[in-house]
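Protein chains in written order, with our numbering: chain X, 1 to 194; chain D, 1 to 194; chain H, 1 to 194; chain C, 1 to 194.
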DNA sequence: CATTAACCGAGACGGTACGTCGTGTCTTGTT
DNA sequence: AACAAGACACGACGTACCGTCTCGGTTAATG
């Protein structure tokens, strides 16, 4: 989020302070969930002045995002087997979304995203886009292989997979069964039978 | 949510106070979004003591839920045309989720749902269940008509429709195109071709 | 500063909280001087929410004023001996102004008075006026007795006494000798010899 | 306060930086009063690093003192007329103390003087002593002339003049009437009638 | 018909967190 | 060596809400 370029003379940013802040954030999210994270608490836990957080991040969401962006990563394999690749992708999405930390973050974060479009853009860029891109590539490979029609709406397929898991996790709190991935991929492939 | 049984001698609940609270809540949600609603603000706007809110609702989410549950209602038509009915349902869902008020509420509310399972249960019961039930009935009629196989996973179909719209509205902030409903229903019906 | 009149229904002001606040203020002034008093510190010491202080006093100066107004009290005796009464008054003023607590407060308080005219008015009304009035009465008795001319400027005499002590205490930090009162009164009486 | 001698190799003190700091201080005192002057603000206004201020002055009071010491200067004339000289001196004191800038500084500065004895010493040496010395000389000339007795307490007379004006300006906020100087000198001279 | 208790408005209270400002110390690179 | 720039930990500020609590009033069924 911040590069290491110089910015005129003066004391440089202290990488240790930033590290402690991010670690404290991770710990607090794990312990108390997104709502339980406060700048006050992070600063205290990190042994850092509250001002330092304000200096580098505009909002709580931004800190959490940077601290936890690593967890939002799913990659579709490239095995040559369309069904297998898509199922693996769907399973990855389901596992990530139902994992403890993710569940502790996303609902609260989503609320902030709705009010902070810059944060939302960062979230999409850092967390959503790479995963989606990986899924879309898998679909494009399937098209190349002739397993899906050329005019397939890859975005929509990705959204179907993500949407169902997202909805069940965050809204209906319905279980994400182990065979959900298979069922979804079955419908998607059948629905696009060439 | 509240019965009208007597409760000994003394004054009964003042329906006017409740009404003013709910109206103030609606107004505040519209003006400032879910996060902008506070018990303090509602009480002030409603000309009501803060205590009165505490007396009748356990949380801000509960007030908002009661004040706005009416907006969460989609019903699938019963025209005899499976595709038409499902498209109408999908369009209804999309329109509701993209409507101003809904967008102002759901992200914040979802954050509270994640921390308050009672509120989550109420939300599902009052807002989610009726809409889902209507969609499921439409699917059951399609099965009866022979348009969908008997072993169709109706829940999953409903979740596909809701999930895509939900995801795009709240997370990816992607546009919900006018032909989304058609595309979704096409995939679903093709994916279950008997 | 606040009377005990009703102000509509509701929980009444808690006299215990106010008492604890004022006591903590006195203690902090004694320990650390006026500049060492902070609302934060008072609240912590008094075991009180910071808000409670903000509710009842508009500024730190106002709290200190209420907590310590008792110390600003000098009364001229009425012995029938003009010189004796005035000397006693001057000695009282000198003793008060050189006393520990007073010295710890007044310079800092004076700085606030310069920026807060309401506070300044309260200070004059509560702390300055009664003492001055007592001195002026002594002068009027002297006039009645024929010890001072009828057209004497009583205010000026009071200000000479107070001014010298004030100046030495706060600005020049010069000692206030034990015979200062006698010398001052001598000059004043000689200067108005009838 | 600082000489221009060399001090080993390296860059010498930048007189321009000092000048800019003092000018910025004067401007800020005029605009916002003593309390409105901050090291941060001075540095920003002067286009100077905050460190530079710390290097040369130990406290805000010291900067203000150096920036504004010129305004604290009253000199008694030497006309040969005792009454006239003393009245002129008293008028000068009154005018200085009631002048805008002075009023903006002294109350706040006095608060700092009470806590910083070094600053207090500097203040007395630079601002108070010369003016007092001038007044005392006028009194000594009066004694030489036979207008005042030999054992007159010159310090006390100076303090009477300064004290009354000081008290009215800073504490009672009473007006300093145009004939105050005459009245004071009248009392003083009558009080020492030889 | 008087009692009486539930309900209501108002708001005081101890708190938590916010975002801002200033402080004094420090570090870095430039002149 | 002096300087600008500014990062850092810290402390205090004034504000906004929170959840709990205590009042005095109103009101309507019950005794």
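All C-beta atoms in this analysis are idealised placements derived from N, C-alpha and C, irrespective of residue type, glycine included.
These numbers come from a predicted model, not from an experiment.
Legend entry - Against chain C: residues of the segment 150-183 of chain H by CB proximity under 7 Å: Residues 153, 156, 159, 160, 162, 163, 164, 166, 167, 168, 170, 171, 172, 173, 183.
Inset, instruction - Pick helix, strand or coil for residue 40 (chain H), following the three-state DSSP scheme. - result: For this step, residue 40 (chain H) is matched to residue 40 along the third chain. The three-state secondary structure of residue 40 (chain H), taken from DSSP, is helix.
Inset, instruction - Using the Cα positions of residue 168 (chain X) and residue 31 (chain D), report the straight-line distance between them to the nearest angstrom. - result: By 1-based counting over the first chain, the position of residue 168 (chain X) is 168. By 1-based counting over the second chain, the position of residue 31 (chain D) is 31. Cα-Cα distance, rounded: 30 Å.
Legend entry - residue 97 (chain X), enclosing alpha helix (DSSP H) - first and last residue: By one-based count along the first chain, residue 97 (chain X) stands at place 97. Annotation: the continuous alpha helix (DSSP H) that includes residue 97 (chain X) extends over 82-98.
Legend entry - Assigned secondary structure, residue 73 (chain X) (DSSP; H/G/I helix, E/B strand, else coil): Taking the first residue of the first chain as 1, we reach residue 73 (chain X) at position 73. The answer is coil: DSSP assigns residue 73 (chain X) none of H, G, I, E or B.
Legend entry - Cβ distance (whole Å) where residue 94 (chain H) is taken to contact residue 27 (chain H) below 8 Å: Within the third chain, the letter at position 94 stands for residue 94 (chain H). Within the third chain, the letter at position 27 stands for residue 27 (chain H). That belief does not hold up - the Cβ atoms of residue 94 (chain H) and residue 27 (chain H) are roughly 26 Å apart, past 8 Å.
Legend entry - Residue interval of the alpha helix (DSSP H) (run including residue 25 (chain C)): Reading the fourth chain from its first residue, position 25 is the one you call residue 25 (chain C). Run containing residue 25 (chain C): 15-32, per the alpha helix (DSSP H) assignment.
Legend entry - Reduced DSSP category for residue 56 (chain X) - H, G, I as helix; E, B as strand; rest coil: The count along the first chain starts at 1 and reaches residue 56 (chain X) at position 56. The answer is helix: DSSP assigns residue 56 (chain X) an H, G or I state.
Inset, instruction - Would you give the residue range spanned by the alpha helix (DSSP H) that residue 167 (chain X) belongs to? - result: Against the first chain, residue 167 (chain X) aligns to sequence position 167. From DSSP, the alpha helix (DSSP H) with residue 167 (chain X) extends over 154-167.
Legend entry - Contact under 9 Å by Cβ, residue 185 (chain D) with residue 86 (chain D): Position 185 of the second chain holds residue 185 (chain D). Position 86 of the second chain holds residue 86 (chain D). Yes, these two residues count as a Cβ contact at 9 Å.
Legend entry - Residue-chain proximity (residue 107 (chain H), chain C), Cβ-Cβ < 9 Å: Residue numbering aside, residue 107 (chain H) sits at position 107 when the third chain is read from its first letter. Output row for residue 107 (chain H): interface = yes.
Legend entry - Counted within 10 angstroms of its Cβ, other Cβ atoms place residue 66 (chain X) as buried (16 or more) or exposed: Working through the first chain from its first residue, we reach residue 66 (chain X) at position 66. By the neighbour-count rule (16 or more Cβ atoms within 10 Å), residue 66 (chain X) is buried.
Legend entry - Among X:134, X:49, X:148, the one whose alpha carbon lies nearest that of residue 75 (chain X): One-based indexing of the first chain puts residue 75 (chain X) at position 75. Taking only the C-alpha atoms, the option nearest residue 75 (chain X) is X:134.
Legend entry - Start and end residues, alpha helix (DSSP H) containing residue 130 (chain D): The residue labelled residue 130 (chain D) in the question sits at position 130 within the second chain. Residue range 129-145 is occupied by the alpha helix (DSSP H) that includes residue 130 (chain D).
Legend entry - Check whether residue 170 (chain X) and residue 114 (chain D) have beta carbons under 9 Å apart: Counting from one through the first chain, the residue named residue 170 (chain X) turns up at place 170. Counting from one through the second chain, the residue named residue 114 (chain D) turns up at place 114. With contacts defined as CB atoms closer than 9 Å, residue 170 (chain X) and residue 114 (chain D) qualify as a contacting pair.
Legend entry - Min CB distance residue 114 (chain X) to chain D below 9 Å: Position 114 of the first chain, counted from the first residue, corresponds to residue 114 (chain X). Among the residues facing chain D, residue 114 (chain X) is included, as its CB has a counterpart in that chain under 9 Å away.
Inset, instruction - For chain H, find out if any of its Cβ atoms is closer than 9 Å to the Cβ of residue 70 (chain C); answer yes or no. - result: Taking the fourth chain and counting its residues from 1, one reaches residue 70 (chain C) at position 70. Contact of residue 70 (chain C) with chain H is not assigned, every C-beta pair being separated by 9 Å or more.
Legend entry - Pair within 9 Å by beta-carbon distance, residue 71 (chain H) and residue 48 (chain H): Position 71 of the third chain, counting from 1, holds the residue named residue 71 (chain H). Position 48 of the third chain, counting from 1, holds the residue named residue 48 (chain H). No, the pair does not count as a contact, with Cβ atoms beyond the cut-off.
Inset, instruction - My understanding is that residue 183 (chain D) touches residue 153 (chain X), with C-beta atoms under 8 Å, so please give their C-beta distance in whole angstroms. - result: Walking along the second chain from the start, residue 183 (chain D) turns up at place 183. Walking along the first chain from the start, residue 153 (chain X) turns up at place 153. That pair is a contact at about 6 Å.
Inset, instruction - Would you check if the distance between the CB atom of residue 107 (chain D) and the CB atom of residue 54 (chain D) is smaller than 9 Å? - result: Looking up residue 107 (chain D) in the second chain gives position 107. Looking up residue 54 (chain D) in the second chain gives position 54. No, these two residues do not count as a Cβ contact at 9 Å.
Legend entry - Per-residue contacts from residue 53 (chain D) into chain X (C-beta, under 7 Å): The residue labelled residue 53 (chain D) in the question sits at position 53 within the second chain. Proximity of chain X to residue 53 (chain D) at the Cβ level (cut-off 7 Å) is not reached, the minimal Cβ distance being about 20 Å.
Inset, instruction - Assign residue 90 (chain X) to buried or exposed, taking buried as 16 or more other Cβ atoms, counted over all protein chains shown, within 10 Å of its Cβ. - result: The residue given as residue 90 (chain X) occupies position 90 in the first chain. It is buried - the Cβ of residue 90 (chain X) has at least 16 other Cβ atoms within 10 Å.
Legend entry - CB contact below 9 Å: residue 34 (chain C) versus chain H: Walking along the fourth chain from the start, residue 34 (chain C) turns up at place 34. Any Cβ of chain H closer than 9 Å to the Cβ of residue 34 (chain C) would place that residue at the interface, and such an atom is present.
Legend entry - Alpha-carbon spacing of residue 102 (chain C) relative to residue 119 (chain H), whole angstroms: As a first step, residue 102 (chain C) must be located in the fourth chain, where it is residue number 102. As a first step, residue 119 (chain H) must be located in the third chain, where it is residue number 119. Approximately 21 Å, taken between the alpha carbons.
Legend entry - Nearest-angstrom Cα separation, counted from residue 41 (chain C) out to residue 9 (chain C): Numbered from its first residue, the fourth chain carries residue 9 (chain C) at position 9. Numbered from its first residue, the fourth chain carries residue 41 (chain C) at position 41. Since pLDDT at residue 9 (chain C) reaches only 44, below the 50 mark, its modelled position is unreliable, and no value is offered.
Legend entry - Through-space distance from residue 60 (chain X) to residue 14 (chain X), alpha-carbon basis: In the first chain, the residue the question calls residue 14 (chain X) occupies position 14. In the first chain, the residue the question calls residue 60 (chain X) occupies position 60. When rounded, the distance between both Cα atoms is 20 Å.
Inset, instruction - At 9 Å on the CB atoms, spell out the chain C contacts of residue 59 (chain H), in chain order. - result: Here residue 59 (chain H) is taken as the residue at index 59 of the third chain, counted from 1. Simply none; closest approach about 13 Å.
Inset, instruction - Flag this pair as touching only if the segment 142-150 of chain X and the segment 142-150 of chain D have three or more C-beta atom pairs under 8 Å; answer yes or no. - result: Contact check between the segment 142-150 of chain X and the segment 142-150 of chain D: fewer than three CB pairs, one atom from each, fall below 8 Å, which does not count as touching.
Inset, instruction - Return the residue from the list C:112, C:123, C:176, C:137 that minimises the CA-CA distance to residue 78 (chain C). - result: Within the fourth chain, the letter at position 78 stands for residue 78 (chain C). When each option's Cα is compared against that of residue 78 (chain C), the closest is C:137.
Inset, instruction - Alpha carbon to alpha carbon, how far is residue 105 (chain D) from residue 19 (chain X)? Give it in angstroms, no decimals. - result: In the first chain, counting from the first residue as 1, residue 19 (chain X) sits at position 19. In the second chain, counting from the first residue as 1, residue 105 (chain D) sits at position 105. Computed Cα separation, rounded: 35 Å.
Legend entry - For residue 79 (chain H), three-class secondary structure by DSSP: For the purposes of this step, residue 79 (chain H) is identified with residue 79 of the third chain, where counting begins at 1. Reduced to three states, the DSSP call for residue 79 (chain H) is coil.
Legend entry - Min CB distance residue 138 (chain C) to chain H below 9 Å: Sequence index remark: in the fourth chain, residue 138 (chain C) carries index 138 (1-based). Not flagged as an interface residue toward chain H: residue 138 (chain C), since no C-beta distance is shorter than 9 Å.
Legend entry - Whether residue 83 (chain C) touches residue 156 (chain C) by CB criterion (9 Å): Working through the fourth chain from its first residue, we reach residue 83 (chain C) at position 83. Working through the fourth chain from its first residue, we reach residue 156 (chain C) at position 156. Their beta carbons are not under 9 Å apart, which means residue 83 (chain C) does not touch residue 156 (chain C) by this criterion.
Legend entry - Interface residues of chain X facing residue 141 (chain D) [CB-CB closer than 7 Å]: Locating residue 141 (chain D) in the second chain gives position 141, counting from the first residue. Chain X residues near residue 141 (chain D): none, gap ~19 Å exceeds 7 Å.
Inset, instruction - Select from D:88, D:81, D:187, D:73 the residue whose C-alpha is nearest the C-alpha of residue 195 (chain D). - result: Within the shown structure, residues of chain D are numbered from 1 to 194, placing residue 195 (chain D) beyond reach of any answer.
Inset, instruction - Name the residue from D:12, D:177, D:128 whose alpha carbon lies nearest to the alpha carbon of residue 98 (chain D). - result: Taking the first residue of the second chain as 1, we reach residue 98 (chain D) at position 98. Between residue 98 (chain D) and the set D:12, D:177, D:128, the nearest pair of CA atoms involves D:177.
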